[in-house]
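Going by my numbering, the sequence shown opens with residue 435, and the numbers climb by one from there.
Glycine included, each C-beta is placed from N, C-alpha and C at the ideal position.
Inspection log for the structure reproduced underneath, given as C-alpha cells.
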Amino acid sequence: MRYAVYFCPAAGSGLDTFGREWLSTETVPGIAPERLRALTTHVRRYGWHATLCAPFALAEPASYADLRCIVADIAQQASVIELPLHLDRLAAFLALRPSVDEGDVKALSEHCVRRLNALRAPGTEAAWQRRAPHLDETELALFREYGYPYVLDRYRFHMTLSAPASDVEEQALREWLSPRVANLASARIDALTICCEKEPGQPFEQIERMPFGAGKAA
C-alpha cells in the first residue's frame, strides 16, 4: 500500500470539470481512440492531480493515523495559493504548468516532503535500478534521501495530461486542449488530499481532503 499527498481540484470547480472531461474523452482528431487511451492510461491511474509528496509506503511501525496527523497539521498552517496555469511541455509530456512564479507551492511541497520523510519506508532496489540511470548527481542524492528525485529544488508543479507523444500526436493534443485550457480560471490550492494505492498497479483513490486553515490567498 502506498500513500501520496496531492493537490486535487475541489469537486465542481472549473479545473476539476476540465480534468474529468479530458480523462473521459474518447476522441481527439488525428489520434486513434486506442492510442488516446494509451496516452492517458497513466494519468487516469494516478488521478487528476498535482503531486506535492510523491507516493511512498509507510515504514513500520508508522500508521495512517501518523500520516494523517502530519498532513492535517501542515494543512492547518497553510495559506491558499492562487496559481494561473497554462499548457506546457515538461520533459517529454504535456502538462498544465504555472504561468507565474511557483515559489509558494514549491515551499508547500518541500514542507510535505521533509515532514513525511520520517514515515517513509526505504525505496525498493527495483525502483532504484529503474530510475538511477536517468538521473543527475543532484537527483540521485534527492532520490536516496527522499525516495523521489524531483523534490525540493528539482520540484516542478504540474498536472500531467498525457504520456510522452510523438510530435504529430502532441500537435493534435495541443489543438484539442489549448482552447479549453485558455478558459480555465487559476488553480485554487486550498487543501491537501491524501490518496492511496491499495495494491500495486491499482488506481489511486482519494482518501481524505484537508482544507487549509489560514484561508487567505498567498
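So for residue i, helix, strand or coil by DSSP?
i    : result
L449 : helix
V462 : strand
A484 : strand
P443 : coil
G649 : Per-residue confidence for G649 stands at a pLDDT of 42, beneath the threshold of 50, marking its modelled position as unreliable; the derived number appears in the next sentence. Three-state DSSP puts G649 in coil, outside helix and strand.
T558 : coil
P495 : coil
R454 : helix
P467 : helix
P583 : coil
Report yes if the C-beta distance between residue i and residue j is below 9 Å; otherwise report no.
i    : j    : result
V539 : F591 : yes
Y582 : V547 : yes
E642 : Y589 : no
L530 : S596 : no
Q636 : C442 : no
P556 : A493 : yes
R478 : E631 : no
R622 : L521 : no
Just list the residues that DSSP pairs residue i with in beta bridges.
i    : result
I623 : I515
C630 : Y437 and E639
A529 : D522 and T594
Going by C-alpha to C-alpha distance, which of the options sits closest to residue i?
i    : options                   : result
E455 : V439, T474 and Y440       : T474
Y585 : P556, A488, P495 and E639 : One detail in the question is off: residue 585 reads as Val in this sequence, not Tyr. Measuring from the Cα of V585, the nearest candidate turns out to be A488.
I628 : R502, P467, Q636 and E468 : R502
A491 : P532, A621 and Y580       : Y580
A484 : A444, A493 and T558       : A444
P598 : R469, S533, L550 and D535 : R469
A551 : E571, E559, D601 and L486 : Looking at the sequence shown, residue 551 is not Ala but Asn. Looking at the Cα atoms, L486 is the closest of the given residues.
Apart from the five residues just before and just after residue i, which ones in its own chain have a Cβ nearer than 7 Å to its Cβ?
i    : result
L618 : G448, L449, F452 and L519
K650 : In this prediction, K650 has a pLDDT of 42, which is less than 50 and means its spatial position is unreliable; what the coordinates show is noted afterwards. Cβ within range, chain order: S513 and V514.
A606 : V462, P463, G464 and I465
L524 : R531, R590 and H592
Within the same chain, show all residues whose beta-carbon is closer than 6 Å to that of residue i, passing over the 5 residues directly before and after it, in chain order.
i    : result
L626 : V439, V505, A509 and M644
A652 : Legend: pLDDT at A652 = 37, less than 50; position of this residue unreliable, value from coordinates given subsequently. Around A652: S513, I515 and D538.
G647 : Q510
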